[in-house]
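Residue numbers (the working numbering), protein chains in the order written: chain A, 92 to 284; chain B, 92 to 284. Report on one structure; see the data block that follows.
2 protein chains.
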Amino acid sequence: MARHKEFDRDEALQKAMEVFWSRGYEAASIQDLVEHMGINRQSLYDTFGDKHALYLQALDRYREVEGRKLFELLKRSGSVKKALRQLFQGVVEGSFCDGERRGCFVGNAMSELAGRCKETAARTCSNLAVAEDALYRALLRGKREGEIKGGRDLRAVARFLYSSMQGLQLMAKATRDRKTLEDVVRVTLSVLD
Amino acid sequence: MARHKEFDRDEALQKAMEVFWSRGYEAASIQDLVEHMGINRQSLYDTFGDKHALYLQALDRYREVEGRKLFELLKRSGSVKKALRQLFQGVVEGSFCDGERRGCFVGNAMSELAGRCKETAARTCSNLAVAEDALYRALLRGKREGEIKGGRDLRAVARFLYSSMQGLQLMAKATRDRKTLEDVVRVTLSVLD
DNA sequence: CACATTCTGGAACAATTGTTCCAGAAATCG
DNA sequence: CGATTTCTGGAACAATTGTTCCAGAATGTG
């Protein structure tokens, strides 16, 4: 009947995500998006709705991709502590590779929009819950395998770890001093001892 | 010779700070600022320069005020641990009073601008250094008074505390669940034991 | 081939952005 | 009072914002 889409929807969304990730919501213009996504202005509106809707879809995509990464990393057999160390150290390393210092898209969304956009608030809150759960399960496994000592409220530790992750990612935007970031990581992970 | 200023410069700057604090840089329009500051458009430009310059001055004001608060709280005689608990618990309580969930202005600035504005980056970095130092000094006192055990890298702990503070403030934007935030605080402060 | 559909580019939209210009009112000090 | 300076309000600026309309090209299916 009709013509097919010329562009790959997922690819375009990926590009949109990159723009929102590095610039945030307000500072990203439709013009920026059109250029980086490589699609037509009208196609953007037809496919994704308006700017706000596109932002939410980009945020969802990020959550899905990063959520999966976290899940994979944590459910791997082997030392849970080591996996967590890898997770946090990865953030430090990543911050030095990323010239734009984009940080965490979800954290950025919390900071910029969660306070005044309920759709964003719902998504960042859900992300917290999902990540917390993955961390909690990993900690449970660590306890089961004798790597993490009992007597601790592991749910609370999981929440702490997520919060620390966000804090670290924010710190990485302010400083490029590796020692500072590594200090933070070291003390953070010391709660597992 | 000439007419005096009709408005109080500090008061106007305070108002500007409130606008940038709750809306961020991009989302705050000159119109918003003019209305909330209660001064003339032209007076704004004459007194503070352009929007960007005004933002930096507002950020500086915030840093000064909050910095002083932190300093006062930490240098008080008495239990250092108690002061830190008060500090973190205060953030939790504050997040429930603040309907706008503004978080920490410095943290917001890191998230939104530090990556692409070097003046902002310098200021947030300096804030980190100042706060770290105040925390470090407090920890030293705690150690001297026998409240905090030795053998820990207190400089690292101070950095950790600042990062945790920022993380907590970000978490408070995502969730209104008191238990979650208190869990984070409890585990964070447990590194002092 | 021909119809139907949808993509594409560009123009156009009104609204808002940050900023400046201007004329007049207001206030200080000699 | 009068001279000088600065504040004040509003208009005006060009640029950019997000969004929509339109005409035509391109593609798939009958």
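Backbone N, C-alpha and C fix where the C-beta goes; we use that ideal spot for every residue, glycine too. Predicted model only: the values in this text are computed from it and were never measured.
DSSP-derived helix/strand/coil call for residue i
i, result
"Cys208(B)", "coil"
"Gly190(B)", "coil"
"Asn199(A)", "helix"
"Thr266(A)", "coil"
"Asp99(B)", "coil"
"Ser134(A)", "helix"
"Ser170(A)", "coil"
"Ala118(A)", "coil"
"Arg243(A)", "coil"
"Asp141(A)", "coil"
"Asp224(B)", "helix"
"Glu184(B)", "helix"
"Asp151(B)", "helix"
"Asp274(A)", "helix"
"Leu163(B)", "Here the sequence assigns Glu to residue 163(B), which means Leu is not the residue at that position. Of the three classes helix, strand and coil, the one that applies to Glu163(B) here is helix, per DSSP."
"Gly258(A)", "helix"
"Glu238(B)", "coil"
"Asp123(A)", "helix"
"Gly233(A)", "helix"
"Gly129(A)", "coil"
Residue i to residue j span [Cα, whole Å]
i, j, result
"Met128(B)", "Asp99(A)", "48 Å"
"Ile130(B)", "Phe139(B)", "12 Å"
"Arg250(B)", "Ser217(B)", "13 Å"
"Val275(B)", "Leu259(B)", "7 Å"
"Val110(B)", "Val125(B)", "10 Å"
"Arg228(A)", "Lys160(A)", "15 Å"
"Gln177(B)", "Leu252(A)", "21 Å"
"Gly213(A)", "Arg267(B)", "Position check: residue 213(A) holds Ala in this sequence, whereas Gly was assumed. Each residue's Cα considered, the two are about 11 Å apart."
"Phe179(A)", "Glu273(A)", "9 Å"
"Arg235(A)", "Asp141(B)", "59 Å"
"Arg154(A)", "Gly194(A)", "14 Å"
"Tyr146(B)", "Ala107(A)", "28 Å"
"Asp189(A)", "Ala220(B)", "23 Å"
"Gly115(A)", "Ser170(A)", "36 Å"
Integer-rounded CB distance, given that residue j should sit under 8 Å from residue i
i, j, result
"Ala265(B)", "Ala149(A)", "The pair is not a contact, with the Cβ atoms about 18 Å apart (cut-off 8 Å)."
"Gln257(A)", "Gly198(A)", "5 Å"
"Gly233(A)", "Lys172(A)", "7 Å"
"Leu226(B)", "Leu165(B)", "7 Å"
"Val248(A)", "Val278(B)", "6 Å"
"Ser113(B)", "Glu203(A)", "12 Å between Cβ atoms; not a contact."
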